[in-house]
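Reading through the C-alpha coordinates given below for one structure.
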Amino acid sequence: MSWKRAIVNAPTLSGVIEEQAKIQPDRTALRFEGRSWTFQELNAWSDQAAQALSARGLRRGDRLCWLARNFSVFWPAIVACSKIGAVMTPVNWRLAPAEVAQIIADAAPKLIVGEKAFTDPLATQIDLQAFPLMLLESDGVDGFEKMIDAHDPKRPDYAPARDDIVVQLYTSGTTGLPKGVVLSNRCYQELGEAGIEAGVLAPQHDDEEALHALPHFHIAGVNFGFMAFARSMPVIQHRQFDPAAIVREAQTGTPLNSFFVPAMIMMVLQAAKAAGAPVENFANVSYGAAPMPEPLLDAAMAAMPKARFTQFYGMTETTGGLSVLSHEDHAKGCKQRISAGKPLPGCEVSVVDPETRNEAPQRAVGEIVMRSPFIMEGYWNKADATRAVLRNGWYCTGDAGRFDENGFLYVVDRVKDMIISGGENIYPAEIENILAAHPAVLEAAIVGMPDEKWGELVRAFIVKRPGAELTPEQAIEFLAPKIAGFKLPKKIEFLDALPRNPSGKILKTTLRKL
391 MSWKRAIVNA PTLSGVIEEQ AKIQPDRTAL RFEGRSWTFQ ELNAWSDQAA QALSARGLRR
451 GDRLCWLARN FSVFWPAIVA CSKIGAVMTP VNWRLAPAEV AQIIADAAPK LIVGEKAFTD
511 PLATQIDLQA FPLMLLESDG VDGFEKMIDA HDPKRPDYAP ARDDIVVQLY TSGTTGLPKG
571 VVLSNRCYQE LGEAGIEAGV LAPQHDDEEA LHALPHFHIA GVNFGFMAFA RSMPVIQHRQ
631 FDPAAIVREA QTGTPLNSFF VPAMIMMVLQ AAKAAGAPVE NFANVSYGAA PMPEPLLDAA
691 MAAMPKARFT QFYGMTETTG GLSVLSHEDH AKGCKQRISA GKPLPGCEVS VVDPETRNEA
751 PQRAVGEIVM RSPFIMEGYW NKADATRAVL RNGWYCTGDA GRFDENGFLY VVDRVKDMII
811 SGGENIYPAE IENILAAHPA VLEAAIVGMP DEKWGELVRA FIVKRPGAEL TPEQAIEFLA
871 PKIAGFKLPK KIEFLDALPR NPSGKILKTT LRKL
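For any residue, its number in this note's numbering is found by taking its place in the sequence shown, counting from 1, and adding 390.
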(Lines of atoms letter the chains of each structure in order from A and count residues from 1; the text may use other names and numbers.)
(Lines give C-alpha, C1' and ligand atoms only; values in the text may rest on other atoms or scores of the structure.)
Protein backbone atom coordinates (compact mmCIF):
# COMPACT_ATOMS: atom_id res chain seq x y z
CA MET A 1 0.00 0.00 0.00
CA SER A 2 1.25 3.47 -0.88
CA TRP A 3 0.97 5.93 2.00
CA LYS A 4 0.74 9.69 1.98
CA ARG A 5 2.91 10.71 4.91
CA ALA A 6 1.17 12.88 7.51
CA ILE A 7 3.21 15.10 9.84
CA VAL A 8 1.30 16.24 12.91
CA ASN A 9 2.06 18.32 15.98
CA ALA A 10 -0.75 18.27 18.53
CA PRO A 11 -1.14 20.34 21.72
CA THR A 12 -0.75 17.16 23.80
CA LEU A 13 1.25 13.95 23.50
CA SER A 14 -1.96 11.93 23.36
CA GLY A 15 -3.19 14.22 20.59
CA VAL A 16 -0.33 13.07 18.34
CA ILE A 17 -1.64 9.49 18.40
CA GLU A 18 -5.31 10.55 18.20
CA GLU A 19 -4.68 12.71 15.13
CA GLN A 20 -2.75 9.99 13.34
CA ALA A 21 -5.50 7.49 14.20
CA LYS A 22 -8.00 9.76 12.44
CA ILE A 23 -5.81 10.57 9.43
CA GLN A 24 -4.38 7.10 8.76
CA PRO A 25 -5.96 4.55 11.12
CA ASP A 26 -4.58 1.49 9.31
CA ARG A 27 -0.98 2.61 9.06
CA THR A 28 1.45 0.69 11.29
CA ALA A 29 2.50 2.72 14.33
CA LEU A 30 4.46 0.26 16.48
CA ARG A 31 6.37 -3.01 16.12
CA PHE A 32 7.66 -5.07 19.03
CA GLU A 33 9.10 -8.59 19.00
CA GLY A 34 6.97 -9.96 16.17
CA ARG A 35 3.77 -8.00 16.90
CA SER A 36 2.53 -4.78 15.34
CA TRP A 37 -0.18 -2.19 16.02
CA THR A 38 -1.76 0.39 13.72
CA PHE A 39 -2.37 3.95 14.86
CA GLN A 40 -6.02 3.07 15.42
CA GLU A 41 -5.06 0.05 17.53
CA LEU A 42 -2.46 2.02 19.49
CA ASN A 43 -5.01 4.73 20.23
CA ALA A 44 -7.60 2.17 21.35
CA TRP A 45 -4.97 0.44 23.52
CA SER A 46 -4.16 3.78 25.15
CA ASP A 47 -7.87 4.36 25.81
CA GLN A 48 -8.00 0.99 27.57
CA ALA A 49 -4.90 1.95 29.56
CA ALA A 50 -6.45 5.31 30.48
CA GLN A 51 -9.58 3.58 31.77
CA ALA A 52 -7.43 1.09 33.71
CA LEU A 53 -5.31 3.81 35.32
CA SER A 54 -8.40 5.83 36.20
CA ALA A 55 -9.91 2.73 37.82
CA ARG A 56 -6.72 2.43 39.89
CA GLY A 57 -7.35 5.97 41.16
CA LEU A 58 -4.84 7.92 39.08
CA ARG A 59 -5.93 11.49 38.49
CA ARG A 60 -4.44 14.72 37.14
CA GLY A 61 -0.95 15.26 38.57
CA ASP A 62 -0.52 11.71 39.92
CA ARG A 63 2.80 10.03 39.11
CA LEU A 64 3.23 6.61 37.51
CA CYS A 65 6.79 5.32 37.99
CA TRP A 66 7.99 3.05 35.17
CA LEU A 67 10.86 0.77 36.28
CA ALA A 68 11.37 -1.45 33.27
CA ARG A 69 13.02 -1.81 29.93
CA ASN A 70 11.42 -0.84 26.62
CA PHE A 71 8.22 -2.89 26.53
CA SER A 72 5.68 -2.04 23.84
CA VAL A 73 3.07 -1.26 26.49
CA PHE A 74 5.09 1.78 27.56
CA TRP A 75 3.64 3.71 24.62
CA PRO A 76 -0.08 3.21 25.39
CA ALA A 77 0.78 3.83 29.05
CA ILE A 78 2.40 7.22 28.43
CA VAL A 79 -0.38 8.20 26.00
CA ALA A 80 -2.90 7.14 28.65
CA CYS A 81 -1.17 9.36 31.20
CA SER A 82 -1.59 12.28 28.82
CA LYS A 83 -5.27 11.42 28.30
CA ILE A 84 -6.07 11.57 32.04
CA GLY A 85 -3.56 14.26 33.12
CA ALA A 86 -1.29 11.81 34.96
CA VAL A 87 2.52 12.02 34.81
CA MET A 88 4.72 9.28 33.36
CA THR A 89 7.88 9.03 35.46
CA PRO A 90 10.38 6.55 33.96
CA VAL A 91 13.17 5.54 36.35
CA ASN A 92 16.68 4.47 35.34
CA TRP A 93 16.73 0.72 36.00
CA ARG A 94 20.52 0.74 35.72
CA LEU A 95 20.80 2.58 39.04
CA ALA A 96 21.55 0.84 42.33
CA PRO A 97 18.45 -0.10 44.37
CA ALA A 98 19.24 2.62 46.93
CA GLU A 99 19.28 5.24 44.15
CA VAL A 100 16.02 3.96 42.67
CA ALA A 101 14.41 4.02 46.11
CA GLN A 102 15.45 7.64 46.57
CA ILE A 103 13.77 8.62 43.30
CA ILE A 104 10.58 6.71 44.08
CA ALA A 105 10.38 8.32 47.51
CA ASP A 106 10.75 11.74 45.90
CA ALA A 107 8.19 11.12 43.15
CA ALA A 108 5.63 9.59 45.57
CA PRO A 109 3.91 7.67 42.74
CA LYS A 110 0.31 6.50 42.81
CA LEU A 111 1.48 3.38 40.95
CA ILE A 112 4.75 1.62 40.12
CA VAL A 113 4.95 -0.51 36.97
CA GLY A 114 8.07 -2.59 36.62
CA GLU A 115 9.98 -5.76 35.92
CA LYS A 116 10.49 -8.17 38.78
CA ALA A 117 14.27 -8.11 38.28
CA PHE A 118 14.26 -4.41 39.17
CA THR A 119 11.44 -4.24 41.69
CA ASP A 120 12.49 -7.17 43.90
CA PRO A 121 15.78 -5.53 45.04
CA LEU A 122 13.77 -2.50 46.19
CA ALA A 123 12.22 -4.51 49.02
CA THR A 124 15.39 -4.01 51.08
CA GLN A 125 15.25 -0.24 50.55
CA ILE A 126 11.61 0.85 50.81
CA ASP A 127 8.26 -0.50 51.91
CA LEU A 128 6.74 -1.52 48.60
CA GLN A 129 3.38 -1.95 50.31
CA ALA A 130 3.22 1.85 50.46
CA PHE A 131 3.29 2.02 46.65
CA PRO A 132 0.90 -0.13 44.60
CA LEU A 133 3.04 -2.27 42.28
CA MET A 134 2.14 -3.97 39.02
CA LEU A 135 4.42 -6.23 37.00
CA LEU A 136 4.95 -6.53 33.27
CA GLU A 137 5.68 -10.26 33.22
CA SER A 138 2.68 -11.34 35.32
CA ASP A 139 -0.63 -12.80 34.15
CA GLY A 140 -2.02 -12.61 37.67
CA VAL A 141 -3.92 -9.89 39.49
CA ASP A 142 -0.72 -7.83 39.62
CA GLY A 143 -0.21 -7.99 35.85
CA PHE A 144 -0.17 -4.55 34.25
CA GLU A 145 -1.14 -5.62 30.73
CA LYS A 146 -3.84 -7.94 32.06
CA MET A 147 -5.30 -5.01 33.98
CA ILE A 148 -5.39 -2.93 30.78
CA ASP A 149 -6.98 -5.73 28.76
CA ALA A 150 -9.85 -5.91 31.25
CA HIS A 151 -11.10 -2.44 30.23
CA ASP A 152 -12.99 -1.20 27.20
CA PRO A 153 -11.33 1.19 24.70
CA LYS A 154 -13.43 4.15 25.74
CA ARG A 155 -11.93 7.59 25.60
CA PRO A 156 -11.77 9.13 29.11
CA ASP A 157 -13.94 12.12 29.98
CA TYR A 158 -10.93 14.21 30.99
CA ALA A 159 -9.86 16.89 28.48
CA PRO A 160 -6.04 17.11 28.52
CA ALA A 161 -4.52 20.59 28.33
CA ARG A 162 -1.29 22.02 27.00
CA ASP A 163 -0.27 23.02 30.53
CA ASP A 164 -0.75 19.55 32.00
CA ILE A 165 2.46 17.97 33.28
CA VAL A 166 2.94 14.79 31.26
CA VAL A 167 6.49 13.53 31.88
CA GLN A 168 8.88 13.71 34.84
CA LEU A 169 12.44 12.54 34.19
CA TYR A 170 15.13 12.40 36.84
CA THR A 171 18.54 13.95 36.40
CA SER A 172 21.23 14.40 39.01
CA GLY A 173 22.76 17.75 39.97
CA THR A 174 26.10 18.90 41.22
CA THR A 175 25.09 17.77 44.70
CA GLY A 176 24.57 14.26 43.37
CA LEU A 177 20.93 14.27 44.48
CA PRO A 178 18.38 13.39 41.79
CA LYS A 179 15.97 16.07 40.62
CA GLY A 180 12.70 15.46 38.83
CA VAL A 181 12.52 17.54 35.65
CA VAL A 182 8.87 18.49 35.11
CA LEU A 183 7.79 18.67 31.44
CA SER A 184 4.36 19.71 30.20
CA ASN A 185 2.51 18.99 26.98
CA ARG A 186 3.46 22.54 26.03
CA CYS A 187 7.16 21.65 26.15
CA TYR A 188 6.64 18.79 23.73
CA GLN A 189 4.39 20.71 21.35
CA GLU A 190 6.80 23.66 21.16
CA LEU A 191 9.79 21.36 20.66
CA GLY A 192 7.80 19.47 18.02
CA GLU A 193 7.11 22.69 16.17
CA ALA A 194 10.80 23.64 16.25
CA GLY A 195 11.82 20.19 15.03
CA ILE A 196 9.39 20.21 12.13
CA GLU A 197 10.54 23.70 11.10
CA ALA A 198 14.18 22.59 11.29
CA GLY A 199 13.43 19.46 9.25
CA VAL A 200 14.98 17.09 11.80
CA LEU A 201 14.32 13.35 11.47
CA ALA A 202 12.60 14.00 8.15
CA PRO A 203 12.08 10.59 6.47
CA GLN A 204 13.71 10.15 3.08
CA HIS A 205 11.57 7.17 2.05
CA ASP A 206 7.86 6.29 2.17
CA ASP A 207 8.62 3.00 3.92
CA GLU A 208 11.18 4.41 6.40
CA GLU A 209 10.83 3.15 9.99
CA ALA A 210 12.23 4.35 13.32
CA LEU A 211 14.58 1.92 15.01
CA HIS A 212 14.19 2.67 18.75
CA ALA A 213 16.72 1.23 21.20
CA LEU A 214 17.09 4.19 23.57
CA PRO A 215 16.03 3.71 27.20
CA HIS A 216 12.71 5.32 27.99
CA PHE A 217 14.16 6.95 31.11
CA HIS A 218 16.26 9.26 28.90
CA ILE A 219 14.79 12.39 27.35
CA ALA A 220 15.71 11.15 23.86
CA GLY A 221 13.93 7.85 24.54
CA VAL A 222 10.57 9.58 24.90
CA ASN A 223 11.27 12.25 22.28
CA PHE A 224 12.42 9.93 19.51
CA GLY A 225 9.31 7.76 19.79
CA PHE A 226 6.87 10.67 19.56
CA MET A 227 8.88 12.37 16.81
CA ALA A 228 8.57 9.15 14.81
CA PHE A 229 4.82 8.88 15.46
CA ALA A 230 4.42 12.53 14.44
CA ARG A 231 6.19 11.80 11.14
CA SER A 232 4.12 8.67 10.38
CA MET A 233 7.07 6.35 10.95
CA PRO A 234 6.41 2.98 12.61
CA VAL A 235 8.49 2.63 15.77
CA ILE A 236 10.49 -0.61 15.79
CA GLN A 237 10.82 -0.93 19.56
CA HIS A 238 13.80 -2.88 20.89
CA ARG A 239 13.56 -4.04 24.50
CA GLN A 240 17.07 -2.70 25.09
CA PHE A 241 20.14 -1.78 23.10
CA ASP A 242 21.78 -4.84 21.53
CA PRO A 243 24.35 -4.04 18.79
CA ALA A 244 24.00 -7.46 17.13
CA ALA A 245 20.19 -7.08 17.00
CA ILE A 246 20.60 -3.61 15.46
CA VAL A 247 22.85 -5.07 12.75
CA ARG A 248 20.29 -7.83 12.06
CA GLU A 249 17.58 -5.17 11.74
CA ALA A 250 19.72 -3.42 9.14
CA GLN A 251 19.60 -6.51 6.90
CA THR A 252 15.81 -6.44 6.38
CA GLY A 253 15.86 -3.91 3.55
CA THR A 254 13.72 -1.41 5.44
CA PRO A 255 15.24 2.11 5.47
CA LEU A 256 15.99 2.87 9.12
CA ASN A 257 15.76 6.17 10.98
CA SER A 258 17.62 5.95 14.28
CA PHE A 259 18.87 7.88 17.30
CA PHE A 260 22.00 6.78 19.18
CA VAL A 261 24.61 8.10 21.54
CA PRO A 262 28.13 7.94 20.03
CA ALA A 263 29.14 4.91 22.14
CA MET A 264 26.16 3.01 20.68
CA ILE A 265 27.25 3.90 17.14
CA MET A 266 30.73 2.55 17.85
CA MET A 267 29.30 -0.73 19.14
CA VAL A 268 27.00 -1.09 16.12
CA LEU A 269 29.96 -0.64 13.77
CA GLN A 270 31.97 -3.20 15.76
CA ALA A 271 29.07 -5.69 15.67
CA ALA A 272 28.67 -5.16 11.92
CA LYS A 273 32.36 -5.82 11.37
CA ALA A 274 32.26 -8.96 13.55
CA ALA A 275 29.23 -10.26 11.63
CA GLY A 276 30.62 -9.28 8.23
CA ALA A 277 27.30 -7.54 7.60
CA PRO A 278 26.64 -4.15 6.00
CA VAL A 279 24.68 -1.37 7.72
CA GLU A 280 23.87 0.60 4.59
CA ASN A 281 20.12 0.58 5.20
CA PHE A 282 20.31 3.50 7.63
CA ALA A 283 18.58 6.50 6.05
CA ASN A 284 18.89 8.85 9.03
CA VAL A 285 21.26 8.71 12.00
CA SER A 286 20.71 11.20 14.79
CA TYR A 287 22.96 11.33 17.84
CA GLY A 288 23.51 13.31 20.99
CA ALA A 289 24.20 13.16 24.76
CA ALA A 290 27.98 13.14 24.19
CA PRO A 291 30.51 14.52 21.68
CA MET A 292 31.21 12.45 18.58
CA PRO A 293 34.95 11.89 18.01
CA GLU A 294 35.83 12.74 14.41
CA PRO A 295 37.39 9.32 13.63
CA LEU A 296 34.14 7.65 14.77
CA LEU A 297 32.07 10.10 12.72
CA ASP A 298 34.17 9.33 9.63
CA ALA A 299 33.79 5.58 10.19
CA ALA A 300 30.02 5.86 10.69
CA MET A 301 29.51 8.00 7.59
CA ALA A 302 31.57 5.54 5.55
CA ALA A 303 29.64 2.51 6.83
CA MET A 304 26.26 4.27 6.44
CA PRO A 305 26.73 6.22 3.19
CA LYS A 306 22.99 6.71 2.52
CA ALA A 307 22.30 8.16 5.96
CA ARG A 308 21.75 11.80 6.81
CA PHE A 309 23.54 12.56 10.08
CA THR A 310 22.15 15.00 12.65
CA GLN A 311 23.61 15.98 16.01
CA PHE A 312 21.31 17.21 18.79
CA TYR A 313 22.57 19.24 21.74
CA GLY A 314 20.27 19.82 24.67
CA MET A 315 19.42 18.55 28.12
CA THR A 316 16.45 17.12 29.97
CA GLU A 317 15.63 20.60 31.31
CA THR A 318 15.22 21.88 27.73
CA THR A 319 13.10 18.89 26.65
CA GLY A 320 16.23 17.68 24.88
CA GLY A 321 16.41 20.64 22.50
CA LEU A 322 18.79 23.56 22.14
CA SER A 323 20.83 23.29 18.94
CA VAL A 324 21.15 21.03 15.90
CA LEU A 325 24.05 20.27 13.57
CA SER A 326 22.65 19.43 10.13
CA HIS A 327 23.85 16.70 7.81
CA GLU A 328 25.42 19.21 5.42
CA ASP A 329 27.56 20.59 8.25
CA HIS A 330 28.98 17.10 8.94
CA ALA A 331 30.89 17.09 5.65
CA LYS A 332 34.57 16.28 5.87
CA GLY A 333 36.65 19.44 5.87
CA CYS A 334 33.92 21.57 7.47
CA LYS A 335 35.33 23.02 10.67
CA GLN A 336 31.84 23.24 12.15
CA ARG A 337 31.44 19.44 12.07
CA ILE A 338 32.85 19.37 15.61
CA SER A 339 30.39 22.03 16.80
CA ALA A 340 26.95 21.57 18.38
CA GLY A 341 25.37 23.32 15.41
CA LYS A 342 22.97 26.25 15.49
CA PRO A 343 20.05 27.01 17.82
CA LEU A 344 16.70 25.43 17.00
CA PRO A 345 13.97 27.74 15.65
CA GLY A 346 12.36 29.68 18.48
CA CYS A 347 15.34 29.10 20.76
CA GLU A 348 17.54 31.99 21.87
CA VAL A 349 21.03 30.93 22.92
CA SER A 350 23.69 33.15 24.43
CA VAL A 351 27.13 32.71 25.96
CA VAL A 352 27.62 34.77 29.13
CA ASP A 353 30.46 35.54 31.49
CA PRO A 354 29.92 33.21 34.48
CA GLU A 355 30.76 35.99 36.93
CA THR A 356 29.18 39.15 35.47
CA ARG A 357 26.40 37.33 33.52
CA ASN A 358 27.03 39.78 30.67
CA GLU A 359 27.07 38.44 27.12
CA ALA A 360 30.55 37.22 26.22
CA PRO A 361 32.31 38.49 23.09
CA GLN A 362 32.30 36.32 19.98
CA ARG A 363 34.72 33.38 20.29
CA ALA A 364 35.05 33.98 24.05
CA VAL A 365 34.20 31.03 26.29
CA GLY A 366 31.42 31.44 28.83
CA GLU A 367 28.35 29.67 30.19
CA ILE A 368 25.73 28.63 27.65
CA VAL A 369 22.26 29.96 28.52
CA MET A 370 19.05 29.59 26.54
CA ARG A 371 15.49 30.88 26.39
CA SER A 372 12.69 29.04 24.60
CA PRO A 373 9.07 27.87 24.99
CA PHE A 374 10.24 24.31 25.61
CA ILE A 375 12.18 24.90 28.82
CA MET A 376 10.97 22.73 31.71
CA GLU A 377 8.34 23.92 34.18
CA GLY A 378 10.92 23.39 36.93
CA TYR A 379 12.27 20.72 39.27
CA TRP A 380 9.71 18.67 41.19
CA ASN A 381 9.40 19.99 44.77
CA LYS A 382 12.73 21.84 44.50
CA ALA A 383 12.00 25.55 44.23
CA ASP A 384 15.52 26.65 45.22
CA ALA A 385 17.15 24.38 42.64
CA THR A 386 14.71 25.69 40.01
CA ARG A 387 15.52 29.32 40.83
CA ALA A 388 19.24 28.53 40.62
CA VAL A 389 18.99 27.55 36.93
CA LEU A 390 16.01 29.57 35.69
CA ARG A 391 16.90 33.25 35.80
CA ASN A 392 14.65 35.87 34.20
CA GLY A 393 13.33 33.33 31.73
CA TRP A 394 16.78 32.01 30.80
CA TYR A 395 17.93 28.47 31.56
CA CYS A 396 21.56 28.29 32.73
CA THR A 397 22.97 25.07 31.31
CA GLY A 398 26.16 24.91 33.36
CA ASP A 399 28.00 24.07 30.13
CA ALA A 400 30.85 26.22 28.88
CA GLY A 401 30.92 27.11 25.21
CA ARG A 402 31.51 29.72 22.55
CA PHE A 403 30.05 30.93 19.26
CA ASP A 404 32.11 31.28 16.10
CA GLU A 405 31.71 34.02 13.51
CA ASN A 406 29.15 31.95 11.58
CA GLY A 407 26.83 31.35 14.52
CA PHE A 408 27.91 27.78 15.28
CA LEU A 409 27.93 26.84 18.97
CA TYR A 410 30.90 24.92 20.37
CA VAL A 411 30.63 23.14 23.74
CA VAL A 412 34.16 23.23 25.12
CA ASP A 413 33.76 22.09 28.72
CA ARG A 414 31.20 21.46 31.39
CA VAL A 415 30.94 24.04 34.11
CA LYS A 416 29.35 21.48 36.38
CA ASP A 417 32.18 18.95 35.88
CA MET A 418 29.63 16.39 34.74
CA ILE A 419 31.01 13.19 33.22
CA ILE A 420 29.16 11.60 30.29
CA SER A 421 29.91 7.91 29.86
CA GLY A 422 28.02 6.06 27.14
CA GLY A 423 25.31 8.71 27.22
CA GLU A 424 24.82 8.41 30.99
CA ASN A 425 25.31 11.53 33.11
CA ILE A 426 27.64 11.02 36.07
CA TYR A 427 28.12 13.71 38.69
CA PRO A 428 31.45 13.66 40.58
CA ALA A 429 30.02 15.10 43.81
CA GLU A 430 27.85 12.02 44.33
CA ILE A 431 30.84 9.65 44.20
CA GLU A 432 33.06 12.05 46.16
CA ASN A 433 30.50 12.27 48.96
CA ILE A 434 30.28 8.49 49.27
CA LEU A 435 34.07 8.06 49.27
CA ALA A 436 34.36 10.72 51.96
CA ALA A 437 32.44 8.43 54.29
CA HIS A 438 35.16 5.76 54.13
CA PRO A 439 37.24 5.87 57.33
CA ALA A 440 40.51 5.67 55.36
CA VAL A 441 39.68 8.56 53.01
CA LEU A 442 40.72 12.09 53.88
CA GLU A 443 39.40 13.58 50.65
CA ALA A 444 38.66 12.52 47.10
CA ALA A 445 38.15 14.09 43.70
CA ILE A 446 36.43 12.56 40.68
CA VAL A 447 37.12 13.54 37.07
CA GLY A 448 36.38 12.08 33.68
CA MET A 449 39.09 10.49 31.59
CA PRO A 450 38.77 10.11 27.82
CA ASP A 451 37.75 6.70 26.49
CA GLU A 452 37.39 5.73 22.82
CA LYS A 453 34.39 3.46 23.42
CA TRP A 454 32.37 5.23 26.12
CA GLY A 455 33.44 8.84 25.58
CA GLU A 456 34.55 9.19 29.20
CA LEU A 457 35.17 6.95 32.18
CA VAL A 458 35.34 7.79 35.86
CA ARG A 459 38.74 8.35 37.46
CA ALA A 460 39.27 8.87 41.19
CA PHE A 461 42.04 10.65 43.05
CA ILE A 462 42.15 9.85 46.76
CA VAL A 463 44.12 11.25 49.68
CA LYS A 464 44.31 8.72 52.52
CA ARG A 465 44.17 9.65 56.18
CA PRO A 466 47.56 9.51 57.91
CA GLY A 467 48.44 5.91 58.74
CA ALA A 468 45.39 4.49 56.96
CA GLU A 469 45.57 1.69 54.43
CA LEU A 470 43.37 1.49 51.37
CA THR A 471 43.71 -0.29 48.04
CA PRO A 472 41.84 0.50 44.81
CA GLU A 473 40.02 -2.81 45.15
CA GLN A 474 38.84 -1.93 48.66
CA ALA A 475 37.61 1.46 47.47
CA ILE A 476 35.60 -0.18 44.69
CA GLU A 477 34.20 -2.73 47.12
CA PHE A 478 33.03 0.15 49.33
CA LEU A 479 31.38 2.00 46.44
CA ALA A 480 29.80 -0.93 44.56
CA PRO A 481 26.68 -1.45 46.73
CA LYS A 482 25.93 2.28 46.80
CA ILE A 483 26.05 3.40 43.15
CA ALA A 484 25.38 2.04 39.68
CA GLY A 485 28.15 0.06 38.02
CA PHE A 486 28.70 2.61 35.25
CA LYS A 487 29.58 5.21 37.91
CA LEU A 488 32.37 3.14 39.47
CA PRO A 489 35.89 4.53 38.93
CA LYS A 490 37.84 2.62 36.31
CA LYS A 491 41.11 4.00 37.63
CA ILE A 492 42.06 5.06 41.16
CA GLU A 493 45.22 6.95 42.04
CA PHE A 494 46.42 7.92 45.51
CA LEU A 495 47.97 11.35 46.06
CA ASP A 496 49.63 13.00 49.04
CA ALA A 497 47.43 16.05 48.49
CA LEU A 498 44.90 17.33 45.97
CA PRO A 499 46.00 20.35 43.92
CA ARG A 500 44.21 23.55 44.97
CA ASN A 501 44.09 27.19 43.99
CA PRO A 502 44.82 30.00 46.50
CA SER A 503 41.19 30.05 47.63
CA GLY A 504 41.30 26.34 48.42
CA LYS A 505 39.25 25.06 45.48
CA ILE A 506 40.39 21.73 44.06
CA LEU A 507 41.96 22.19 40.62
CA LYS A 508 40.22 19.52 38.61
CA THR A 509 41.80 20.82 35.40
CA THR A 510 45.16 19.82 36.89
CA LEU A 511 43.83 16.39 37.81
CA ARG A 512 42.50 15.87 34.28
CA LYS A 513 45.96 16.59 32.89
CA LEU A 514 47.32 13.80 35.08
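All C-beta atoms, glycine included, are put in the ideal place defined by N, C-alpha and C.
How should residue i be labelled, buried or exposed, when 16 other C-beta atoms within 10 angstroms of its C-beta is the threshold for buried?
i, result
"N674", "buried"
"F884", "exposed"
"D517", "exposed"
"V531", "exposed"
"T565", "Any reading at T565 needs caution, since the residue's pLDDT is 45, under 50, leaving its predicted position unreliable; the model's value is listed next. The residue is exposed, with fewer than 16 neighbouring Cβ atoms inside 10 Å."
"P466", "buried"
"T746", "exposed"
"K903", "exposed"
"V503", "buried"
"P685", "exposed"
"C577", "buried"
"T708", "buried"
"E822", "buried"
"D719", "buried"
"R890", "exposed"
"E527", "exposed"
"G812", "buried"
"P487", "buried"
"I397", "exposed"
"C724", "exposed"
"P744", "exposed"
"T899", "exposed"
"I413", "exposed"
Per DSSP, which residues does residue i bridge with? Please list them.
i, result
"V801", "G791"
"R421", "S426, I626"
"R453", "V477"
"G845", "D841"
"N815", "I810"
"G582", "DSSP, once it has assigned bridges, lists no residue as partnering G582."
"G385", "Residue 385 lies beyond the range of the chain shown here (391 to 904); nothing can be said about it."
"G768", "V572"
Considering residue i, what are the terminal residues of the beta strand (DSSP E) in which it resides?
i, result
"E833", "831-841"
"V572", "568-574"
"M808", "Unbroken run through M808: none, as it is neither H nor E."
"L901", "It is not in any beta strand (DSSP E) - L901 instead sits in the alpha helix (DSSP H) that spans 898-903."
"M760", "756-761"
Taking DSSP as the reference, what is the three-state secondary structure of residue i?
i, result
"P487", "helix"
"M705", "coil"
"P633", "helix"
"E599", "strand"
"P480", "strand"
"F649", "strand"
"T565", "The predicted model places T565 with a pLDDT of 45, which falls under 50 and marks its position as unreliable; any figure quoted below should be read in that light. If DSSP states are grouped into helix, strand and coil, T565 belongs with coil."
"L501", "strand"
"R777", "helix"
"N460", "coil"
"G783", "coil"
"R344", "In the structure displayed, the chain extends from 391 to 904; residue 344 sits before or after that span and is not available."
"V398", "coil"
"T514", "helix"
"Q594", "coil"
"D496", "helix"
The alpha helix (DSSP H) with residue i in it runs from where to where?
i, result
"F429", "429-445"
"Q410", "403-413"
"T509", "506-509"
"S472", "464-474"
"V625", "Per DSSP, V625 belongs to no alpha helix (DSSP H); it is in the beta strand (DSSP E), 625-627."
"I821", "818-826"
"G615", "609-620"
Verify the contact flag: residue i, CB atom, against every heavy atom of the ligand SAH, threshold strictly below 7 Å.
i, result
"L591", "Ligands are entirely absent from the displayed structure, and the ligand SAH is therefore not among its contents."
Could you tell me whether the Cβ of residue i comes closer than 8 Å to any Cβ of chain C?
i, result
"T709", "Structure shown: chain C not included; a single protein chain is present."
inquiry  = Quick check for students: name the residue ranges of the alpha helix (DSSP H) that lie wholly in the region 849-890, counting only runs of 4 or more.
reply    = 862-869
key: Runs of beta strand (DSSP E) wholly within the region 523-562 (minimum 3 residues, chain order)   = 523-525, 555-562
key: Start-end ranges of the beta strand (DSSP E) lying completely within the region 660-725, minimum 3 residues   = Whole beta strand (DSSP E) segments, 3+ residues: 672-678, 698-703, 713-715.
query = In the region 727-751, which residue ranges form an unbroken alpha helix (DSSP H) of at least 4 residues, counting only runs that do not cross its ends?
reply = none
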